[in-house]
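A.B. asks: Structure provided below as structure tokens; questions to follow.
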Amino acid sequence: MDDTKTRIISATMKAVRQYGLEGVRIQNVSRLAGISPGALYRYFDSKDQLIVECFIYVDKQAAEIFEHLKFNPIKMLVDPMGAVKSLWLPYFRFWVAHPDETVFYHRFRDSAIFPEYDKTRDASYFETFAGMVRTFRNVFPSLKLINQDLLWLHVLTSTVMYAKYVVEGVLPNTPETEETIFQLLTTGLSGYLKPEKQKKGRN
């Protein structure tokens, strides 16, 4: 991505954190990006387009976390909750390490704009994560009893919400906080992470 475009996107998220999604103005963004409003419009047609581009930019960064994780299906059988945590923890720490992105992402998903945008959203860049979810479902058939969309929406969006509390200083950034959040998000999940019992063959 062009350096100026990246700078505009970073400035937008910083401005949203400072002024709110509704309060941010092109003038705020251009000032933080160190360019003129006219120069900004050479990259983005409108504030709405800019906001959506920011979301896609951050969403892809978050999805990329799963591209770099070592996913061991065998570990799932030995320590299923440990396997879940090994995927969740880097995702949570990504958000804590990117305060502007976290506040922006949470505010955008919580806005009136998001539901309409979500109808046509292309989230194919989450395919690696989706593949991991399919593996869990194959190994633990009981997971199919849960509404998958609701389950992963709960885990992913709640993770961002708690990360927002950390970057805003509401919660301390400690291992104890991470462990408590993980336990809250996965309460009841362990009951579904049981491998399918092998059927005995007939003699």
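Using my numbering, you'd call the opening residue of the sequence shown number -11 and step up by one each time.
Idealized CB from N, CA, C, for every residue including glycine.
(1) Among T175, A21, K152 and R122, which residue has its Cα nearest to the Cα of P61?
(2) DSSP three-state call for Y105: helix, strand or coil?
(3) Output the distance between the C-alpha atoms of G189 and P68, rounded to the nearest integer angstrom.
(4) What would DSSP say about D36, mapped onto helix, strand or coil?
(5) For the region 74 to 98, which segments carrying the alpha helix (DSSP H) assignment without a break, of at least 4 residues, lie completely within its bounds, in sequence order?
(6) What is the residue span of the alpha helix (DSSP H) that G245 lies within?
(7) For Y93 and F43, which I take to be in contact (beta-carbon distance under 8 Å), what is that distance rounded to the nearest angstrom?
(8) If you check the beta carbons only, do K182 and F128 fall under 8 Å apart?
(9) Compute the beta-carbon to beta-carbon distance between T(-8) and I23, rounded to the nearest angstrom, for a pair I have assumed lies under 8 Å.
(10) Could you give the DSSP three-state label for V66: helix, strand or coil?
(11) Determine the direct distance from the alpha carbon of K48 to that of R5, and round the result to whole angstroms.
(12) Is S146 helix, strand or coil when you go by DSSP?
(13) If we ignore side chains and look at the alpha-carbon of each, how far apart do T147 and I169 end up?
(14) Taking the alpha carbon of K35 as the point to measure from, which residue in A27, A151 and T0 has its own alpha carbon closest?
(15) Output the distance between the C-alpha atoms of Y113 and E104, rounded to the nearest integer angstrom.
(16) Determine the closest residue to A151 out of L173, F117 and A71, with distance taken between C-alpha atoms.
C.D. replies: Here's the rundown:
(1) R122
(2) Three-state DSSP puts Y105 in a helix.
(3) The pLDDT assigned to G189 is 49, lower than 50, so where the model puts this residue is not dependable, and the model offers no usable value.
(4) When secondary structure is reduced to three states using DSSP, D36 falls in the helix class.
(5) 87 to 97
(6) Past the boundaries of the shown model lies residue 245; the chain is included only from -11 to 191, so the question cannot be answered.
(7) 7 Å
(8) yes
(9) 7 Å
(10) Reduced to three states, the DSSP call for V66 is helix.
(11) Taking C-alpha positions only, R5 is separated from K48 by approximately 20 Å.
(12) helix
(13) 8 Å
(14) T0
(15) 20 Å
(16) Looking at the Cα atoms, L173 is the closest of the given residues.
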